[in-house]
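K.L.:
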Amino acid sequence: MTGIFDTPQVDWALVAPVLVVLGAAVVGVLLEAFLPVVARRTAQVALSVAATVGALVAIGWSWHRLSGVDAPTDLAGLRPGGRALYALTTESGGSLGSLVVDGLTLVSQALVVVVALLSVVVMADRTATREDPFAPMVSAVPGSQYERLAASRGLAQTEVYPLVLFATGGMMVFSATADLLTMFVALEVLSLPLYLLSGMARRRRLQSQEASLKYFLLGSFASALFIFGAALVYGVTGSLTFDEIAAATVTPNGLDKLLVVGVLLLMVGLFFKVGAVPFHLWTPDVYQGAPTPVTGFMAAGTKVAAFVALVRVVYVMLPGMGWDLSVLVWTVAIVTMVVGSVAVLVQGDIKRLLAYSSVAHAGFVLTAVAAGWGTGETAVVGPWAVLVYLLAYALATVGAFTVVALVRERSESGGLTGEATSLGQWAGLGRTNPVIGACFMVFLLSFAGIPLTAGFVGKFAVFSAAVSGGAWPLALIGVLASAVAAFAYFKVVVLMYFPARDERPADADEVGAGGSVASQTGAVGTATLARPKTAAVVATRGCATGVIGLCALLTLLLGVLPGGVLTAISNILQ
Amino acid sequence: MTTLTLSAATPSAEAVAPQIASGPASAALWLILLPAASAAVLLLLGRRADRWGHWPGWIAPAASCVMGVIIAVQLLTADTAERVQHVDLGSWIDAGALNLRFGLLVDPLSVTFVLLITFVGTLIHIYSVAYMAEDVNRRRFFAYLNLFVAAMLTLVLADSYLLLFFGWEGVGLASYLLIGFWNHEVDRGHKISGAQALENSVASKKAFVANRIGDLGMIVAMGLLFAQLGTLHFVSVPGQAQGMGDLGVFDQVAGGGLTTAMATGIGLMLLLAACGKSAQFPLQSWLGDAMAGPTPVSALIHAATMVTAGVYLIVRSQPLFDLAPNARLAVAIVGAITLLYGAIVGCAKDDIKKALAASTMSQIGYMMLAAGLGPVGYAFAIVHLVGHGFFKAGMFLGAGSVMHAMGDETDMRKFGHLATKMRVTWATFAFGWLAIIGFPFLTGFFTKDPIIEAAFVRQEGQTWQPWVFGLVAMLGAGLTAFYMSRLFFMTFEGKSRWEPEAHPHESPRLMTWPLIALAVGSAGFGFVFVFKPSWSWWPGWWPNLADWLTPTVGPVAHHEPVVHWLVITVVTLALVAVGVWQAWIRFGAPSTVVPRTAPVGSPLTVAARNDLYQDHVNNGLLVIPGTYATRALVFTDGAVVDGAVQGVARGAVAVGDQARRPQTGFVRQYAATMALGVVVLIVIVLAVQI
């Protein structure tokens, strides 16, 4: 980067997807200030849906433009020789890495936007008593007079929609940038709204607020590590853009160790976001505490954005450091797969189970990332596999958490209250609610990687990428770990569909693997003592059910006929 | 007698390259979709479709049949070079080296099968409307039958081993479902007791397991082919990516892509698959039990179509077998053994359906033998297969008609003298009977005699083979005449041996018309489509089945049997006459008394009644050791594996508990763990650097 400030030339059409989303978020904040209470919710939901759909259209246009680029462009694309467009260029035509539009960007942005759209639809869904998943007045102390007042007035927290849009915009930039500074800003833009959203649950407020605070503290810690790493890298290489760092790492300059440590810290920041062990500790607590639609959104969206960012760091910034760093990715991948898969076995709470499951999935995706330092065609196969896996994972995750949001406890009086997250309460759900049960089974099978679901295609993609990149031990461990984790998913399926052997209602104790009591340790209060035994699916306006059906359908479709999608992703990555 | 030798490795087909389908052939997918859609509708609507379920049930295969005829006419009127057409169905997975495209191959071989399956299938569907009229589950029955037709059409139209395997498993599934169709007590229509229901479901399982053994062969063959050649497509289609070098299996085989040893191995694996599906020795034991299914099922699946899939597989894989003479010899040997085996068993069975099943086994043995003879036999294997489809389906339906009349009785010793009561069934059955024994100028005469003749042909490097195969085939013809005549006479001639409460009557028209149609086919098919006279006035364009198949299986190689053909024909006819005569004096003549309970009989008869102890052998060789092995395994499983698994599970849970331990909920501790993680990772990375 030259020292002189160079006015960037902006290709607005390429920035449009991000601009639409962030612009709508700003408008949403203004709506919050100027619209009367009654109109806010409708306006916000409409704006969010319009913004995400608009962003999808803009992404489609960029996709079209990128497909038309035949000659491989220079640096800072996916790889030297890959196709890329630059949203920001210098007057002289050189690229600024702040926003790179290549296949990786487009696929991940599309995925993030679709996840956001689905999540907004789920968040907007309300029960017959007009309850949405969010506390009517987050600032009120739980149980206080003020809160009761807010509830009785029918207040609703409509800031969630702009917050989701801000986070979405952050994710979109996060996965598109090839510049450490922009990456850091995007990281914060995506994280801060999520911290807030995590603390807004209508029920189990204390748990939710605790989750929010934990997420914020640990997230700040991780951000600090990231920015410290970026500083070290800048110190060694004198640049913040990926192509220049890549060029600088080729020539040894005596500061290699410092560079390695810097890159490592940087990657730790990303590992935190994807929930890789040992930086995953926040995941179960936050996933459990956050309002369930938010959990779905961040579990899917954050993981997509962070993994794409990780891929870009590995493939574009550090192609020459494989020898130094593959041990890092290997170690983290192995530990993540093993710990995630094993821990998922002992969970008695469905949200924590899904949380550990997402940790395990992070490990599986890392096997494909580890393939990155191979040579030749691996350079495309790795990112391709990551994207395919994330697509499968995102669909199933959004769907699964939406199901969790709908399954409620039945109180003594027969009314449906909070979410029934204790696994024991899910016994027989497949028989009482065949459609929702079947969809949830599809998601679980997809998580387990059973053929004819998207999850199988994803696992096939990442493990074959790992093998072709020479990381076959990772693939082997991955297959074994998925077998272990599949056990946990099947247990839930069995629980939902098959009657307990004797007529005793299955309770949480039987559910934990090997009969271990599914006790929840820790400060997160999830005592299951007085929970009702049964659960039922709450009746809503139907938006959430639609999202579940759509996710299940796409999961099956991608499993049965993966050809078209796989080819499209592969083509745009070339 | 001249003994010209024939080169075994003669390239038997001037390969006709496939071209992109045009005209009606390009809609070939609808052949499969129609019955598949009908099956889906009938299954998904459930009881709601009970009242009208049989309508789509029979209309769908009929519509497929009409389409099949249109496609056949299109191919007939086209040049020979344009008779192999390919329909691309798109790519299922296209991931670099793994490119799985699906497509349909519309060529004379597959279209022949399409016509057989849909025409005979439609007749059997119509017959079933009446046969199953009283059954509460008739809709489900039609759904399964349609499923079968769709799967069978997939099998024969597939352009790759992979898609073929889909159909292969589909017909296996349909067969399993239909053999065990009466797997619960039924007290309306066909009365099924609890014990029978149990037997039926055991029979369906037996068929399923025997088929799985064959399927294993198929899977191994596919694995070997893919590992060796990188593709599973039969032939390359111009302008289409298909795998390694964009060449199909057969193109690569022709280009020397396989060693002889590998081709032999693959051929033997395919033979194993064919044995399972086509009930050939040593996997034949399931077919007799499969007669537990409703009779239309036996006619369609276990006589006319599914069991011939093995023959189709061998004939379709012809280029592979051309490269592997030893594998081909194995095919012929299996065919010869089974043809005798089935014939001997058929001589002793008193159950009309089981006798017919044994006959089916034997006739498929003929087809396998013909397929194993190579270029001199491929066409005749298919020709006999089609003819057999007609007369055997007709006879099975006739048997169903008899059972219908006799209150579901199947023991022929309790039949007799039915000719007077059931004129149509008797007459149509007579055509089937005469056709199968090779009565001059009926179908069997034109389809089986060429196989016997071809079996007498000495091929390059062969010594004993023509004599053994020829004499076995000839002896089989005599036995066929005996057991089929026995069956016919025991059922329709002689004195009546009915149960007191039996009131035989002719079946309703819906059942007799299909019988008449199949009888016409049994009588005339051979004369019309196989007989190729040198008369000057015979129209040159008249379709001849063997010539029609040339683009796929190659021209019938010129051959000269070791014995003059006239001798073969005369001796065969003499043997047939002896067989019929023997059957007549033992079972047919008005003066003979057929005991109502089977006499003890000679050891051979007893053995034949017991399927030549195949079940005992299976029991001794496989089931009992299998049971013990299973017990041992269960013990080991309990003691060692379960111990290990539970140990692992406990270990995993323990590890999980350990993994959960840092999950205290305290942020300070999480942060500390992260910091520790960073330090450990830095140490690891730097340690590797040193």
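Protein chains in written order, with our numbering: chain R, 43 to 616; chain X, 21 to 710.
We put the CB at the ideal spot given by N, CA and C, even for glycine.
#1: What in chain R is Cβ-close to isoleucine 704 (chain X), meaning under 9 Å?
#2: Given a cut-off of 7 Å on the beta-carbon distance, is the pair aspartate 619 (chain R) and serine 140 (chain R) in contact?
#3: Which runs of the alpha helix (DSSP H) at least 4 residues long sit entirely within the stretch 61-132 of chain R? Give them in chain order.
#4: Under DSSP, the alpha helix (DSSP H) around glutamate 154 (chain X) begins and ends at which residues?
#5: Who are the near neighbours of asparagine 231 (chain X) in its chain, counting only those whose CB is closer than 7 Å to its CB and skipping five residues on each side?
#6: Could you compute how far the alpha carbon of valine 350 (chain R) sits from the alpha carbon of phenylalanine 176 (chain R)?
#7: Using only CA atoms, which one of X:Gln634, X:Pro316, X:Ile137, X:Ala69 lies nearest to alanine 329 (chain X)?
#8: Between the Cα of serine 233 (chain R) and those of R:Val303, R:Gly390, R:Leu207, spot the shortest distance and give me the residue it belongs to.
#9: For valine 698 (chain X), decide whether its Cβ has a neighbour in chain R, counting only Cβ atoms nearer than 7 Å.
#10: For methionine 264 (chain X), which residues in the same chain have their Cβ closer than 7 Å to its Cβ, ignoring the five residues on either side in sequence?
#11: Output yes if chain X places a C-beta closer than 7 Å to the C-beta of leucine 146 (chain R); else output no.
#12: Return the first residue and the last residue of the beta strand (DSSP E) that glutamate 461 (chain R) is part of.
#13: Residues of chain R with CB under 8 Å from leucine 701 (chain X), in chain order?
#14: Any C-beta of chain X within less than 7 Å: which residues of the stretch 311-330 of chain R qualify?
#15: Between glycine 308 (chain X) and alanine 377 (chain X), how many whole angstroms is the CB-CB distance? I'm expecting something under 8 Å.
#16: Who are alanine 243 (chain R)'s beta bridge partners in DSSP?
#17: Which of the three DSSP states, helix, strand or coil, is assigned to glutamine 482 (chain X)?
#18: With distances taken from CA atoms, which of R:Pro335, R:Val388, R:Ala290, R:Val384 is nearest methionine 359 (chain R)?
#19: What is the DSSP secondary structure of arginine 71 (chain X), counted as helix, strand or coil?
#20: What first and last residue would you give for the alpha helix (DSSP H) that runs through valine 540 (chain X)?
#21: Can you grab the Cα-Cα spacing for the pair alanine 606 (chain R) / phenylalanine 540 (chain R), in whole Å?
#22: Can you check whether the CB of isoleucine 392 (chain R) is closer than 7 Å to the CB of valine 446 (chain R)?
#23: Using the C-alpha atoms, what's the distance from alanine 501 (chain X) back to valine 600 (chain X)?
#24: Hey, is alanine 691 (chain X)'s beta-carbon within less than 7 Å of any beta-carbon in chain R?
#25: Under 7 Å, Cβ to Cβ, is there at least one residue of chain R near serine 111 (chain X)?
#26: So, is leucine 615 (chain R) buried or exposed, given that buried needs 16 or more other C-beta atoms within 10 angstroms?
#27: Does the beta-carbon of phenylalanine 512 (chain X) have 16 or more other beta-carbons within 10 angstroms, so that it is buried, or is it exposed?
#28: What would DSSP say about valine 388 (chain R), mapped onto helix, strand or coil?
#29: In chain order, what residues of the same chain lie with their CB nearer than 8 Å to the CB of glutamate 545 (chain R), ignoring the 5 residues before and after it?
#30: Please determine if the stretch 147-160 of chain X and the stretch 84-103 of chain X are in contact, where contact requires at least 3 C-beta pairs separated by less than 8 Å.
#31: Between which residues of its own chain and valine 206 (chain X) is the CB-CB distance below 7 Å, once the five residues before and five after are set aside?
#32: Pull out every residue of the stretch 491-512 of chain R whose Cβ sits closer than 9 Å to any Cβ of chain X, in chain order.
#33: Glycine 66 (chain X) touches chain R at which residues, Cβ-Cβ below 9 Å?
#34: Three-state secondary structure (DSSP) at arginine 450 (chain R)?
#35: Residues bridged to glutamine 39 (chain X) by DSSP?
#36: Can you find a CB in chain R that lies within less than 7 Å of the CB of valine 591 (chain X)?
P.N.:
The structure says:
#1: Within chain R, the residues near isoleucine 704 (chain X) are Val369, Leu370, Thr373.
#2: Residue 619 (chain R) lies beyond the range of chain R shown here (43 to 616); nothing can be said about it.
#3: Within the stretch 61-132 of chain R, the complete alpha helix (DSSP H) runs of at least 4 residues are 79-110.
#4: Unbroken run through glutamate 154 (chain X): none, as it is neither H nor E.
#5: The beta carbon of asparagine 231 (chain X) sits closer than 7 Å to the beta carbons of Gly192, Gly296, Lys297 from its chain, once the five residues preceding and following it are set aside; these are given in chain order.
#6: The alpha-carbon atoms of valine 350 (chain R) and phenylalanine 176 (chain R) are separated by roughly 30 Å.
#7: For the set X:Gln634, X:Pro316, X:Ile137, X:Ala69, the Cα lying nearest the Cα of alanine 329 (chain X) is the one of X:Ile137.
#8: Taking only the C-alpha atoms, the option nearest serine 233 (chain R) is R:Leu207.
#9: At least one chain R Cβ lies under 7 Å of valine 698 (chain X).
#10: Note that methionine 264 (chain X) scores 49 on pLDDT, short of 50, meaning its location in the model is unreliable; the coordinates nonetheless yield the value given after this. So the list reads Leu249, Gly250, Thr251, once near-sequence residues are dropped.
#11: By the rule that beta-carbons nearer than 7 Å mark a contact, leucine 146 (chain R) does not touch chain X.
#12: Counted as a single uninterrupted DSSP element, the beta strand (DSSP E) harbouring glutamate 461 (chain R) occupies residues 458-461.
#13: Result: Leu306, Val310, Leu370, Thr373, Val374.
#14: Taking 7 Å as the Cβ-Cβ cut-off against chain X, the residues of the stretch 311-330 of chain R that qualify are Pro320, Phe321, Leu323, Trp324, Pro326, Asp327.
#15: With a beta-carbon spacing of about 5 Å, glycine 308 (chain X) and alanine 377 (chain X) fall inside the 8 Å limit used to define contacts.
#16: R:Phe176.
#17: Taken through DSSP and simplified to helix, strand or coil, glutamine 482 (chain X) comes out as coil.
#18: Out of R:Pro335, R:Val388, R:Ala290, R:Val384, R:Ala290 has the C-alpha closest to the C-alpha of methionine 359 (chain R).
#19: Reduced to three states, the DSSP call for arginine 71 (chain X) is coil.
#20: Counted as a single uninterrupted DSSP element, the alpha helix (DSSP H) harbouring valine 540 (chain X) occupies residues 529-545.
#21: Here residue 606 (chain R) turns out to be glycine, not alanine, going by the sequence shown. Glycine 606 (chain R) and phenylalanine 540 (chain R) have their C-alpha atoms spaced approximately 36 Å apart.
#22: Taking a C-beta distance under 7 Å as the contact criterion, valine 446 (chain R) and isoleucine 392 (chain R) qualify as a contact pair.
#23: Going by C-alpha positions, valine 600 (chain X) is about 6 Å away from alanine 501 (chain X).
#24: Closer than 7 Å: yes.
#25: With 7 Å as the cut-off, serine 111 (chain X) counts as an interface residue toward chain R.
#26: Leucine 615 (chain R) counts as buried, since no fewer than 16 other beta carbons sit within 10 angstroms of its beta carbon.
#27: Per the 10 Å Cβ criterion, buried.
#28: In the structure shown, valine 388 (chain R) sits in coil (DSSP, three-state: anything other than H, G, I, E or B).
#29: Residue confidence is low: glutamate 545 (chain R) scores 42 on pLDDT, short of 50, so the model does not pin down where it sits. No coordinate-derived value is stated.
#30: Output reads no: the stretch 84-103 of chain X does not touch the stretch 147-160 of chain X.
#31: When the five nearest sequence neighbours on each side are left out, the beta carbons in the same chain lying within less than 7 Å of the beta carbon of valine 206 (chain X) are those of Ile212, in order along the chain.
#32: Contact annotation: in the stretch 491-512 of chain R, residues whose CB is within less than 9 Å of a CB in chain X are Val499, Phe502, Ala503, Ser506, Ser510.
#33: For glycine 66 (chain X), none of the residues of chain R pass the 9 Å Cβ criterion, the least Cβ distance being about 14 Å.
#34: Look at arginine 450 (chain R) here: in three-state DSSP terms it is strand.
#35: Looking at the DSSP output, glutamine 39 (chain X) shares a beta bridge with X:Gln105.
#36: Cβ-Cβ to chain R under 7 Å: no for valine 591 (chain X).
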